[in-house]
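4 protein chains.
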Amino acid sequence: MGTFIGHISPGLAFLSFGILYAFKFSLMVLRGEKIQLLSPSRKFGFKSCLKRIPAEGVMKIVYGTLAVMAEFFYPPGVYKLIIYNKEKPGYPFIHPNEWQHVTMYSYFALSGWVDIFSQACLPKRLFLFESIAITIAFYIEALLLYSHMHGKEEVENSVHTLLLLTCFLVCLVLTVEMWRPNDHILWFTKTCLVMTQGTWLLHAAFILYKPFTGKPWKSNDMANLMFVTNFFCWHIALNIILLLAIFSLTGFWLSRCSRRRGSSALQDTKEMFSFHLKRADGAGPQSEYGKLQAAEEETQLLQVCDF
Amino acid sequence: MGTFIGHISPGLAFLSFGILYAFKFSLMVLRGEKIQLLSPSRKFGFKSCLKRIPAEGVMKIVYGTLAVMAEFFYPPGVYKLIIYNKEKPGYPFIHPNEWQHVTMYSYFALSGWVDIFSQACLPKRLFLFESIAITIAFYIEALLLYSHMHGKEEVENSVHTLLLLTCFLVCLVLTVEMWRPNDHILWFTKTCLVMTQGTWLLHAAFILYKPFTGKPWKSNDMANLMFVTNFFCWHIALNIILLLAIFSLTGFWLSRCSRRRGSSALQDTKEMFSFHLKRADGAGPQSEYGKLQAAEEETQLLQVCDF
Amino acid sequence: MGTFIGHISPGLAFLSFGILYAFKFSLMVLRGEKIQLLSPSRKFGFKSCLKRIPAEGVMKIVYGTLAVMAEFFYPPGVYKLIIYNKEKPGYPFIHPNEWQHVTMYSYFALSGWVDIFSQACLPKRLFLFESIAITIAFYIEALLLYSHMHGKEEVENSVHTLLLLTCFLVCLVLTVEMWRPNDHILWFTKTCLVMTQGTWLLHAAFILYKPFTGKPWKSNDMANLMFVTNFFCWHIALNIILLLAIFSLTGFWLSRCSRRRGSSALQDTKEMFSFHLKRADGAGPQSEYGKLQAAEEETQLLQVCDF
Amino acid sequence: MGTFIGHISPGLAFLSFGILYAFKFSLMVLRGEKIQLLSPSRKFGFKSCLKRIPAEGVMKIVYGTLAVMAEFFYPPGVYKLIIYNKEKPGYPFIHPNEWQHVTMYSYFALSGWVDIFSQACLPKRLFLFESIAITIAFYIEALLLYSHMHGKEEVENSVHTLLLLTCFLVCLVLTVEMWRPNDHILWFTKTCLVMTQGTWLLHAAFILYKPFTGKPWKSNDMANLMFVTNFFCWHIALNIILLLAIFSLTGFWLSRCSRRRGSSALQDTKEMFSFHLKRADGAGPQSEYGKLQAAEEETQLLQVCDF
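Chains as they are written, first to last, in my numbering: chain A, 310 to 616; chain B, 310 to 616; chain C, 310 to 616; chain D, 310 to 616.
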């Protein structure tokens with residue numbers, strides 16, 4: 310939907326994914342966890358299957374399906390689930406924007422189904438399949454965004470080009486991640502780019518449909534085009550700060566959990582801080598001993614924090 | 310040939326190669342086989358040479374040669390094996406489309422000859438030469454597709470740009486494959502892209518020469534251009550599903566072969582399934598023991614299935 | 310500032326960074342030093358913290374902050390720290406060039422703060438964070454340079470395209486450096502490109518605002534555009550020579566330092582020369598013994614040279 | 310020089326380099342030689358220095374210097390060593406084409422000087438410096454070719470775009486070669502591309518200045534543009550065949566040399582053939598024993614063949 314709400318809703322979706330990723334990868338880095346390409350076998354059975362259903366997958370399906378529904382049937386009374394206009398001679402195509410959006414959202418929903426299937430239903434988690442599904446979803450988004458820009462005004466094109474750039478960079482990072490799934494730099498680059506896509510879509514909704522001055526941005530004014538890029542650069546800084554904040558928050562939450570174990574608070578915070586820095590670096594090879602210790606700490610944290 | 314049949318025939322050719330690749334690489338992944346860069350010595354002699362002739366190479370030669378013939382002499386009575394028009398002053402070039410197609414098809418036929426020469430005639434198979442030949446063929450196709458698009462209508466260009474994109478991605482994958490010939494992700498990416506090229510050429514033939522509404526797609530209608538990209542995205546999903554179906558089919562066929570060996574059916578299917586998953590992952594390093602076991606299983610399968 | 314001084318000052322800044330890098334990396338190569346991703350712990354305390362403040366970081370902050378100030382308040386009496394023009398109806402954006410420049414400079418200043426924070430304040434240096442900060446600064450510069458070029462004359466665009474090319478290559482090198490921080494080729498490529506950016510900005514200032522003939526370069530003259538590229542190619546040669554000169558200078562300075570230790574001068578120079586060549590190659594793996602020897606030599610050099 | 314001879318002469322230069330590379334790398338592959346990044350020390354002295362001067366370096370200097378001279382002073386009587394036209398008001402630039410060509414040729418001549426300096430004069434060969442010099446020369450060529458195309462006719466642009474494509478691919482291969490100097494695929498790709506550049510420049514001279522029909526190719530004829538790409542594709546095939554011929558020739562010459570050692574001819578040819586194939590593959594890791602054997606064989610070959 311080329312409307313205000315049609316840009317706000319995917320913006321919120323991408324932003325929520327970005328924040329979810331930020332927490333997830335911060336936790337993984339701080340605990341020294343790794344993605345296991347070949348996970349151990351799991352219990353069969355409907356109950357244990359339900360328990361394993363990942364939040365990420367459910368979010369993708371819910372967002373994707375709702376968005377597809379909205380494209381076709383929102384606002385209420387509208388019915389756009391048709392490709393050909395049968396009333397006109399030559400049966401011309403109609404609703405091209407809606408069908409492109411539906412295609413995008415469907416791929417994300419599909420990626421959600423793959424996540425659930427792999428993490429909950431299969432005897433072993435197939436991380437590679439999940440990774441391929443989300444990568445294809447972003448490539449499809451990039452391709453459709455590119456063909457989305459024909460015959461629009463310059464300000465709108467400028468806004469969408471920057472979105473396309475972000476999306477394409479996500480594609481590149483995801484492609485490289487298929488071969489380097491445990492690279493910390495790639496994890497956080499991806500997170501930051503997805504968050505930027507989210508906040509930029511939110512801003513784009515206001516630029517294109519609800520400008521603060523009440524008047525639409527003129528396309529023939531060069532200053533407008535230059536400020537679009539400028540605002541985008543500020544979004545990047547904003548999202549890096551947000552990412553750092555989430556990382557610190559996760560660190561403090563982890564350290565609070567370990568403090569409950571009874572050691573003196575001040576001592577522990579200092580230790581935890583240097584511990585974060587050591588882990589956050591992500592480049593030095595972890596010793597065998599370190600891994601064992603990390604696993605032990607993790608178990609204890611889990612027992613204390615009850616999650 | 311810029312005709313209906315001129316798009317249908319290469320479409321079928323690419324699709325058949327894609328399906329052949331799908332079966333070949335599925336089998337190789339499920340059996341844990343690898344491409345050997347330096348194969349062991351083989352028996353000389355005309356008979357053993359004939360036995361080793363690969364289906365892929367023969368297909369490339371037959372398709373390529375037929376297509377070259379068709380460009381020059383089809384429909385019957387036509388003779389286009391000339392470059393200069395000697396009747397006009399200045400001897401202008403004629404049949405540029407035909408000569409470009411002939412160049413493309415010749416490189417694929419050449420790649421077929423290299424396949425046969427390397428796999429059947431030489432004392433040792435030179436996998437690298439086969440790989441270089443097919444890579445060059447796709448690069449030449451990309452280059453000619455690019456220069457093919459001057460002065461055509463927008464719908465036709467849009468269709469060909471997407472074909473060029475697919476072809477270029479195949480080139481990239483093949484280039485990387487020269488240094489990583491046993492990467493499972495690259496194998497299936499290549500397969501899926503070649504299949505997409507095939508089905509997209511089939512669809513393109515209908516869009517450009519036999520539209521379902523009976524009227525040609527107007528180039529000045531933005532909706533048409535947007536739906537071209539949209540249809541292409543659906544082709545990708547379609548081909549991924551087709552690829553998964555072929556992979557599962559190969560898996561079931563392999564498990565049926567092993568069931569004949571006399572074990573209880575249900576037990577075996579389960580084992581086979583987890584065995585597929587383990588193999589399909591393609592990332593975990595295979596232990597020495599696993600390799601020996603795989604080789605043994607393979608020999609037994611070959612004895613039972615007789616192929 | 311789209312003025313003479315607005316191109317001279319960043320030019321001098323980039324040139325000074327390039328020369329700083331040239332000395333720094335020459336020293337590191339000649340001494341066989343490596344960047345340590347995970348540095349050892351350091352003393353806390355305000356004094357030792359102040360001692361560790363890096364020149365590079367201070368330079369970035371000073372240059373960046375001064376440039377931001379100049380954009381808003383130079384020449385004296387000007388006040389440009391406003392985005393909206395509140396006097397006109399529709400509140401149009403004003404000063405787009407200034408705000409884009411400010412964004413660029415701020416990212417470089419930010420990178421300087423990260424350098425100081427990481428090298429001086431933290432208990433352990435986080436090289437990765439410094440590297441990410443400067444990489445983002447160059448990416449932002451490239452993005453803003455790209456959107457800077459709308460609606461300008463061809464000569465100006467030509468000059469800026471070459472600047473953008475250099476900047477983009479710096480981005481690529483910095484991106485690869487995140488995973489290969491000790492690659493000698495990348496170090497010197499980066500240095501040379503940053504120096505080229507500097508001298509090219511200096512030249513650009515003269516081309517655009519103070520042409521030597523006194524008349525502005527005409528955009529419709531093809532010869533002008535061709536000479537812009539030509540001059541750029543000469544800048545590259547010039548900067549390579551400058552880089553080699555700095556490398557030799559550093560080598561002679563190092564050899565003078567070791568000569569003071571009392572060995573015969575001629576003998577030592579020869580040894581030092583072949584020693585430089587051996588080290589400069591940067592490809593042969595250094596033996597364990599070589600490393601120990603290098604560390605020892607370094608300590609002795611430091612004692613003699615007192616720096 | 311935008312003339313017939315101005316395209317023929319660089320064409321012959323590139324072709325001769327390509328053929329030189331073809332022989333050089335064929336020999337290296339067949340003998341299992343490798344490029345040594347850190348060569349052993351060599352004898353000093355003027356005589357031994359002169360002996361080591363490489364043919365490649367001398368060729369680059371001679372070709373480059375002659376071409377620079379020709380740009381400025383050919384045909385005799387012409388004097389173009391001026392940038393500003395002092396007779397016109399505003400001192401406009403003149404001879405932009407000549408100065409761009411001079412810049413290109415100078416970089417190649419410079420690369421020749423670096424070759425000689427590194428291979429003959431220095432105590433140790435610095436392969437990395439030679440490699441960087443030639444890489445920069447090709448990047449400069451690509452940059453100047455790109456800016457060379459403004460305001461020319463479409464046929465000329467089409468011819469130059471294909472030249473630029475070849476040149477850019479050489480740049481890419483040379484860049485990757487800096488980190489993988491012993492990759493056989495890269496060696497032969499580079500060789501083939503340089504040869505293609507040569508033969509294509511020769512063909513371009515005829516297309517642009519001496520068309521076989523006597524009439525210049527019309528730019529508004531689409532068939533002409535399509536045939537330009539078509540001819541280029543045939544050049545690639547031609548050069549691959551030429552490369553294979555040179556490789557086989559080198560193989561037979563090597564086998565003839567070893568036959569002189571007195572073994573039965575037929576037996577030896579067979580052995581040599583399978584030996585070539587084994588070596589040509591370039592992927593299988595060579596055993597320590599193989600290396601020793603290769604070094605021994607090489608010494609014997611050198612004693613017999615006297616070169």
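Beta carbons are placed, not taken as given, at the ideal position from N, Cα and C, and that holds for glycine.
Taking the alpha helix (DSSP H) that E439/A falls in, what are its first and last residues? Within the first sequence, the letter at position 130 stands for residue 439/A. Where E439/A is concerned, the enclosing alpha helix (DSSP H) stretches over 436 to 456.
Which residues in the same chain as W422/A place their Cβ atom closer than 6 Å to its Cβ, once the five residues preceding and following it in sequence are excluded? Residue 422/A sits at position 113 when you count from the first residue of the first sequence. Nothing listed; no residue qualifies.
Report the neighbours of N533/D on chain E: residues whose CB is nearer than 9 Å to its CB, in chain order. Chain labels in this structure do not include chain E; the protein chains are A, B, C and D.
Quick one: is C542/A near chain C, going by C-beta distance under 8 Å? To locate residue 542/A, count along the first sequence from 1; it is residue 233. Output row for C542/A: interface = yes.
Of all the CB atoms in chain B, is at least one closer than 8 Å to the CB of T508/D? Taking the fourth sequence and counting its residues from 1, the one referred to as residue 508/D is at position 199. By this cut-off, T508/D is not an interface position.
Delimiting residues of the alpha helix (DSSP H) encompassing N406/A: Position 97 of the first sequence, counted from the start, is the residue given in the question as residue 406/A. 405 to 425 is the extent of the alpha helix (DSSP H) around N406/A.
Does the Cβ of A364/D have 16 or more other Cβ atoms within 10 Å, making it buried, or fewer, making it exposed? If you number the fourth sequence from 1, residue 364/D lands on position 55. The residue in question, A364/D, is exposed, as its Cβ has fewer than 16 Cβ neighbours within 10 Å.
Would you verify that the beta carbon of K524/C is, or is not, closer than 8 Å to some beta carbon of chain D? For this step, residue 524/C is matched to residue 215 along the third sequence. So yes, K524/C belongs to the interface.
Quick one: does L495/B have its CB under 8 Å from some CB of chain D? Residue mapping note: residue 495/B aligns to position 186 of the second sequence, counting from 1. Interface annotation, L495/B: not in contact with chain D, CB-CB separation never under 8 Å.
How big is the Cα-Cα spacing for L336/B and L471/D? Locating residue 336/B in the second sequence gives position 27, where the first residue counts as 1. Locating residue 471/D in the fourth sequence gives position 162, where the first residue counts as 1. Distance between the alpha carbons of L336/B and L471/D is about 41 Å.
What is the C-beta distance between G373/A and Y414/A, in whole angstroms, given that I count them as a contact (C-beta under 8 Å)? As a first step, residue 373/A must be located in the first sequence, where it is residue number 64. As a first step, residue 414/A must be located in the first sequence, where it is residue number 105. Between Y414/A and G373/A the Cβ distance is about 5 Å, and since that is below 8 Å, they are a contact.
Should I545/D be flagged as near chain B, meaning a C-beta pair shorter than 8 Å? As a working note, residue 545/D is residue 236 in the fourth sequence. Contact of I545/D with chain B is assigned, a C-beta pair being separated by under 8 Å.
Compute the Euclidean distance between the alpha carbons of G599/A and L553/D, then round it to the nearest angstrom. By 1-based counting over the first sequence, the position of residue 599/A is 290. By 1-based counting over the fourth sequence, the position of residue 553/D is 244. Only weak support exists for where G599/A lies, its pLDDT of 43 falling under 50; the coordinates are left without a value.
Identify the contact partners of W422/B in chain D, using a Cβ-Cβ distance below 9 Å as the criterion. The sequence position of residue 422/B within the second sequence is 113, counting from 1. The contact set of W422/B on chain D, defined by CB atoms closer than 9 Å, is empty, because the minimum CB distance reaches about 12 Å.
Do three or more CB pairs link the stretch 324 to 331 of chain B to the stretch 493 to 512 of chain B at distances below 8 Å? As far as the Cβ criterion goes, the stretch 324 to 331 of chain B touches the stretch 493 to 512 of chain B, which means the pair count is three or higher.
Tell me, please, whether the CB atom of F536/D is closer than 8 Å to any CB atom in chain B? Position 227 of the fourth sequence, counting from 1, holds the residue named residue 536/D. For F536/D, the nearest beta carbon of chain B is closer than 8 Å to its own beta carbon.
By Cβ distance below 8 Å, which residues in the same chain neighbour H457/B in space, the five residues on each side in sequence not counted? Numbered from its first residue, the second sequence carries residue 457/B at position 148. Only N406, Q409, H469 meet the Cβ criterion.
So F540/B is in the alpha helix (DSSP H); what residue range does that whole segment cover? Looking up residue 540/B in the second sequence gives position 231. For F540/B, the enclosing alpha helix (DSSP H) begins and ends at 531 to 568.
Of the listed residues L435/B, A429/B, L481/B, nearest to I449/B (C-alpha basis): Here residue 449/B refers to the residue found at position 140 when the second sequence is read from its first residue. Among L435/B, A429/B, L481/B, the Cα nearest to that of I449/B is on L481/B.
For the alpha helix (DSSP H) containing F355/B, list its first residue and its last residue. Counted from its first residue, the second sequence places residue 355/B at position 46. Start and end: 355 to 360.
Report buried or exposed for M535/A, applying the criterion of at least 16 other Cβ atoms within 10 angstroms of its Cβ. The sequence position of residue 535/A within the first sequence is 226, counting from 1. Here M535/A is buried: its Cβ has 16 or more other Cβ atoms, across all protein chains shown, within 10 Å.
Between I391/B and chain D, is any beta-carbon pair separated by less than 8 Å? The residue you call residue 391/B lines up with position 82 of the second sequence. By this cut-off, I391/B is not an interface position.
So Y383/B is in the alpha helix (DSSP H); what residue range does that whole segment cover? Here residue 383/B refers to the residue found at position 74 of the second sequence. Y383/B -> no alpha helix (DSSP H), and no H or E assigned at all.
Could you check whether the Cβ of N539/A sits closer than 8 Å to any Cβ belonging to chain C? Position 230 of the first sequence, counting from 1, holds the residue named residue 539/A. So yes, N539/A belongs to the interface.
How many Å lie between T444/D and I317/A at the Cα? Against the fourth sequence, residue 444/D aligns to sequence position 135. Against the first sequence, residue 317/A aligns to sequence position 8. Those two C-alpha atoms are separated by around 49 Å.
Coarse secondary structure for Y518/A, derived from DSSP in three states: In the first sequence, residue 518/A corresponds to position 209, counting from 1. Reduced to three states, the DSSP call for Y518/A is helix.
Where the alpha helix (DSSP H) containing S467/A begins and where it ends: As a position in the first sequence, residue 467/A is number 158, starting the count at 1. That run of the alpha helix (DSSP H) goes 463 to 488.
Are the C-beta atoms of W449/B and some chain D residue less than 8 Å apart? What you label residue 449/B is simply residue 140 of the second sequence in a count that begins at 1. Here residue 449/B is Ile; the residue named in the question, Trp, does not match the sequence. Chain D, which has a Cβ nearer than 8 Å to the Cβ of I449/B, makes this yes.
Between the CA atoms of T522/C and I630/D - distance to the nearest angstrom: This structure cannot settle anything about residue 630/D, because the visible part of chain D is limited to 310 through 616.
Of the residues Y455/C, A418/C, F334/C, the one placed nearest P490/C, counting alpha carbons only: Residue mapping note: residue 490/C aligns to position 181 of the third sequence, counting from 1. It is F334/C.
Between the CA atoms of L454/C and T538/B - distance to the nearest angstrom: What you label residue 538/B is simply residue 229 of the second sequence in a count that begins at 1. What you label residue 454/C is simply residue 145 of the third sequence in a count that begins at 1. One C-alpha to the other measures close to 31 Å.
For the putative contact between P427/A and A446/A, defined by C-beta atoms under 8 Å, what is the C-beta separation to the nearest angstrom? Taking the first residue of the first sequence as position 1, residue 427/A is located at position 118. Taking the first residue of the first sequence as position 1, residue 446/A is located at position 137. In the sequence under discussion, the amino acid at residue 427/A is Ser, which differs from the Pro named in the question. Contact flag wrong, Cβ pair sits at about 15 Å.
Using a Cβ-Cβ distance cut-off of 8 Å, determine whether L452/B contacts chain D. On the second sequence, residue 452/B is found 143 positions in, with the first residue counted as 1. Chain D contact via Cβ: present.
Can you tell which of R568/D, L478/D, L339/D has its C-alpha closest to the C-alpha of L452/D? Within the fourth sequence, the letter at position 143 stands for residue 452/D. Among R568/D, L478/D, L339/D, the Cα nearest to that of L452/D is on L478/D.
Determine which residues of the stretch 474 to 495 of chain D have a Cβ less than 9 Å from any Cβ of chain C, and write them out in chain order. Of all residues in the stretch 474 to 495 of chain D, only M487, W488, P490 place a beta-carbon less than 9 Å from a beta-carbon of chain C.
For the pair the stretch 427 to 441 of chain A and the stretch 344 to 361 of chain A, tell me if three or more CB-CB distances fall below 8 Å. In this structure the stretch 427 to 441 of chain A touches the stretch 344 to 361 of chain A; the number of beta carbon pairs closer than 8 Å is three or more.
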